[in-house]
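Working notes for the structure below.
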Amino acid sequence: MSHYFATCPKGLEYLLRDELIGLGASDVREALAGAHFSGSLETAYRACLWSRLASRILLPLAEFDAADDDALYRGVQDIDWSQHLAAHATFAVDAGTAMSKLTHSQFIGLRTKDAVVDQFRQRDGNRPGIDTDEPDIRINVRLRRDRATLSLDLAGSPLHRRGWREVQGEAPLKENLAAAMLLRARWPEVYAAGGALLDPMCGSGTLLIEGALMAADVAPGLRREYFGFLGWQQHDIALWRGLLDEAKQRADTGLRALRSVFFGSDADPRMVQTAKRNAQEAGVAGFFTLDKQDVAHAAPPPGIDYGLVITNPPYGERLGERAEMPKLYRLLGDTLRARFSGWRAAVLAGDVELGRAMQLHADKRYVLYNGALETILLTFDLGKRDEAPREPKPLSAGAQMLKNRLEKNLRHLRKRLTREGIHCWRAYDQDLPEYAAAIDVYGDTSGNDHLHIQEYRAPADVPADVARLRLREIARVAGEVLGVPRERIAIKTRERGKGGSKYGQLDQRNEFIEVEEDGLKFLVNLTDYLDTGLFLDHRLVRAKVRELADGKCFLNLFAYTATASVHAAAGGALETTSVDLSATYLEWASRNLALNGFSGSSHRLMQFDALEFLQRDRGHYGLIFVDPPTFSNSKRADDFDVQRDHVKLLDACNERLTRDGVIVFSNNFRRFKLDRAELEQRYEIEDWTAPSIPFDFARRADIHGCWLLRRRKPDPGINPWDSARIKK
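So in our numbering the end of the sequence shown lands on 1876, straight run, no missing numbers.
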């Protein structure tokens, strides 16, 4: 068993994880822009041949410290390269770096190349050559925080290059992104149900070709003539030939059974010809119908009454003018609405505004990256017009009480929410003990409301089936009262098991919605994590941070998705530093900052345990926000208990605080007691808990505590402070 890493475009990680499991990989876990997995060499070969989503399959060879070029050189030379590369063969190096002292990837690549070449030359005077196009092996070296990971790239060239693309359009869609779109749109299910695939703006035909190869069970790498392992010294030729033979047999069987249900059109006749040539190269042209036609005339083909319409319209950044794009998207929406009732549809929109221009209600939204460009995949079920709505069952007496209470809450809150421009708020919080849940509303920037329903622990004497029924009633009543369809309601349920009640398996959809708070934008995910990325009860705490941040350097510890850092930056902070142990949350934080125009060296993201960062850092900050978890037992840091360790944490913050600085300290442990007797010796403490609780959380006044701490000015008579300690 070996360990591997499969890379992919951001947004495809969970799909890739599921795909790798299906290919026989074990210990699969997603990471930013990829997934780790374990398996035999056969597993790695299968991933190269069969993955529709991966970009590269990397075999890590070594990991070592590389704070300077000499350390990098030594680490590369510690590998016996004769096990991987013949002396007469060729190789290439791909390099990258982040948050390291070695900042130039080209220099890192050159130093790695020198170490490999010198090892061969020192051994027998011979040296391998360099081939940047199709080398015998390709070496991948990545530096992060002065730590190098050196891998073999078994793919050799990006796996989205399937080998069938003869020509492409001006704005080609990568094949693995097309495959992700088809999977998110449930194309395999549509095809199995007898449906067709139609792209009314097909361009070079990528979506249709990927859809046909997927339906025919053709391995995406079957037509590739080059892989990075073919010149590798440990390449198993017999194993590879066996996998190829199996893939060819499956392709022959699948293509014989494939139905001719692939339809494409484009307003540009040159693109239609390009799509035809690409389909011929891919071996599926006989199953296609391709015509010159604009999107206004798109319609179901004769005799076809069900299928998937999928397309990647221009965004304005690449083809045409941005000002013309909403008109095109509106036309597409009108066409889908008028002619494709009963079909599914999926559209890769350039942004939320273009998606909104279609004037269709999406059932799902996914953030995908087309190269470096963030896009939104919208999927739709285009309901049949002649379907009569089902008569809903009458509400039970308890559900009717819940409805009355929710309507009362809405009447009480609505005016103030509108007056203060609040789009994300708590509508219900276990007001009725029988209906034990919290209901939060998240209004996205396209004007749609989403509900996040989180079940509280039911009393032990309430049967599980009764608790499930009540939760279904909560979802129904909340949807009716707040006007939110079921597909925009996320429910977090608790399961009973050993150790008591806990939340069950969460979804892994990678669906983000964009919301607004005080004129700032944030990404939230209602399904994949226990929390959504935006703590609604901290709305006023974030506003306080914004108020205090002007002209200060801001430090955000346990930063999570850095919403407080965005507020601080908007409030005029000179710079922000956001510290969290989770790479997932730091990536999310980066997107939140960039969404509001805050990027560059003035806004640092640091992957550290908070206490370790405070010990290592030498900066000073005029405002420090500390919102620790109640408990933490991460394998990457010492155990943390907020009650036990808060004095130690705050004193560590004090070492990094400017003379007139402020610590904003909060936490959600409801039984928490601030150690005033100890802290008041060094701090002036303002209990800001009551002012920090939003009006929509009035029923939960203990949902968090919040304190403002400032250095206590030294008493000239006692002078308990060392003077050096209160300087910057």
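For each residue, glycine too, the CB sits at the ideal point set by N, CA and C.
Since this is a predicted model, take the numbers as computed values, not measurements.
**Item:** CB contact flag (L1307, F1377, <8 angstroms)
**Value:** F1377 is positioned such that its CB atom lies no closer than 8 angstroms to that of L1307.
task: Determine contact between the segment 1477-1492 and the segment 1504-1524, defined as no fewer than three beta-carbon pairs at a distance below 8 angstroms.
output: Yes, the segment 1477-1492 is in contact with the segment 1504-1524.
Margin query: Tell me the rounded alpha-carbon separation between D1294 and G1767.
Written below: For D1294 and G1767, the distance between alpha carbons rounds to 20 angstroms.
Problem set entry | As assigned by DSSP and simplified to three states, the class of I1841 | If DSSP states are grouped into helix, strand and coil, I1841 belongs with coil.
Distance check for R1687 and E1832, CA to CA, integer angstroms please. Going from the Cα of E1832 to the Cα of R1687 covers about 24 angstroms.
- Message: Per the DSSP calculation, V1672 is bridged to which residue(s)?
- Response: Partner residues in the beta bridge of V1672, as assigned by DSSP, are I1661.
- Please state if the CB of A1547 and the CB of V1629 are separated by a distance shorter than 8 angstroms. Against a cut-off of 8 angstroms, the Cβ pair of A1547 and V1629 comes out as no contact.
So who's on the other strand from E1723, going by DSSP bridges? C1701.
Keeping to the same chain, check which residues put their C-beta closer than 7 angstroms to that of F1241; ignore five residues upstream and five downstream.
-> Contrary to the premise, residue 1241 reads as Val rather than Phe in this sequence. Once the five neighbours on either side are set aside, the close Cβ partners of V1241 are G1257, T1260, K1261, I1287 and V1289.
| Buried or exposed: G1520, going by 16 or more other Cβ atoms within 10 Å of its Cβ? | It should be noted that the sequence gives Ala, not Gly, for residue 1520. Burial is judged here by how many other beta carbons sit within 10 angstroms of a residue's own beta carbon; A1520 has fewer than 16 and is exposed.
Would F1670 and N1596 be called neighbours here (beta carbons separated by less than 8 angstroms)? With contacts defined as CB atoms closer than 8 angstroms, F1670 and N1596 fail to qualify as a contacting pair.
Quiz prompt | Alpha carbon of Y1221 to alpha carbon of F1683, nearest angstrom | solution = Distance between the alpha carbons of Y1221 and F1683 is about 46 angstroms.
key: Separation of R1618 from K1861, as counted between CA atoms   = Whole-angstrom Cα-Cα distance: 56 angstroms.
- request: Report yes or no: do the segment 1491-1502 and the segment 1381-1390 share at least 3 C-beta pairs separated by less than 8 angstroms?
  value: Judged by Cβ distances under 8 angstroms, the segment 1491-1502 makes no contact with the segment 1381-1390, as fewer than three pairs qualify.
Nearest-angstrom Cα separation, counted from D1592 out to I1570
Their Cα atoms are separated by approximately 11 angstroms.
Subject >> Integer-rounded CB distance, given that Q1602 should sit under 8 angstroms from R1640 >> reply: For clarity, residue 1640 is Lys in the given sequence; the question names Arg instead. Indeed, because the Cβ distance is near 5 angstroms, the residues count as touching under 8 angstroms.
*In chain order, what residues of the same chain have a beta carbon less than 7 angstroms from the beta carbon of W1855, not counting five sequence neighbours either side?*
Here the set comprises F1813, L1822, I1833, E1834, D1835 and W1836.
Practice problem: Provide the residue span of the beta strand (DSSP E) that contains N1518, from first to last. | Solution: K1512 to N1518 is the span of the beta strand (DSSP E), which, as asked, contains N1518.
- Sub-8 angstroms separation of A1606 and I1587 beta-carbons: No; because the gap between Cβ atoms is not below 8 angstroms, this pair is not in contact.
Review point. Which term fits I1637, buried or exposed, when burial requires 16 or more other beta carbons within 10 angstroms of its beta carbon?
Key: Under a 10 Å Cβ-count criterion, I1637 is classified as buried, with 16 or more other Cβ atoms of the shown protein chains found around its own Cβ.
Please classify T1806: does DSSP put it in a helix, a strand, or coil? Note: T1806 maps to strand in three-state DSSP.
Query raised in the report: Based on Cα-Cα distance, which residue from T1523, V1610, L1561 and N1704 lies nearest to P1157?
Result: Answer by Cα proximity: T1523.
T1523 in three-state terms, based on DSSP: Strand, per DSSP.
For L1355, report the span of its alpha helix (DSSP H) as first-last. T1354 to A1363 is the span of the alpha helix (DSSP H), which, as asked, contains L1355.
| message | Starting from Q1428, trace the alpha helix (DSSP H) in both directions and tell me its first and last residue. | response | Q1428 -> alpha helix (DSSP H) spans P1417 to A1430.
### Message
Suppose the cutoff is 7 angstroms on Cβ atoms and the five residues either side in sequence are ignored; what does the same chain contact list for L1163 look like?
### Response
Around L1163: L1201, A1328 and L1331.
Check whether the Cβ of T1459 lies closer than 8 angstroms to any Cβ atom in chain D.
Absent from the structure is chain D; it holds one protein chain and no more.
- Task: May I ask you to report which of helix, strand or coil DSSP gives P1449?
- Result: The answer is coil: DSSP assigns P1449 none of H, G, I, E or B.
Report task. Would you be able to state if there are at least three C-beta pairs under 8 angstroms between the segment 1405-1421 and the segment 1264-1278? Result -> Contact fails: fewer than three Cβ-Cβ distances are below 8 angstroms.
- Query: So which of D1279, N1552, G1627 and W1491 has the shortest CA-CA distance to P1540?
  - Reply: The shortest Cα separation from P1540 among D1279, N1552, G1627 and W1491 belongs to G1627.
E1535 (DSSP reduced to helix, strand or coil): Residue placement at E1535 is poorly supported in this model, since its pLDDT is 47, which falls under 50; the coordinates still yield a value, given next. Three-state result, E1535: coil.
Discussion item. Assuming contact is defined by CB atoms lying nearer than 8 angstroms, are A1423 and G1490 in contact in what I supplied?
Written reply: No, they are not a contact pair.
Given a cut-off of 8 angstroms on the beta-carbon distance, is the pair L1722 and K1692 in contact?
Not in contact: L1722 and K1692 (Cβ atoms no closer than 8 angstroms).
Q: With DSSP as the reference, please indicate the residues paired to S1780 in a beta bridge.
A: For S1780, which the question treats as bridged, DSSP gives the partners F1788.
*Start-to-end residues for the alpha helix (DSSP H) that takes in D1262*: Unbroken alpha helix (DSSP H) run through D1262: S1253 to D1272.
Checklist line | Close beta carbons around G1645, own chain, < 6 angstroms, minus the five adjacent residues each side | finding: Note on G1645: pLDDT 45, under 50, position unreliable in the model; the coordinate value appears next. Take G1645, set aside five residues on each side of it, and no residue of its chain has a beta-carbon closer than 6 angstroms to its own.
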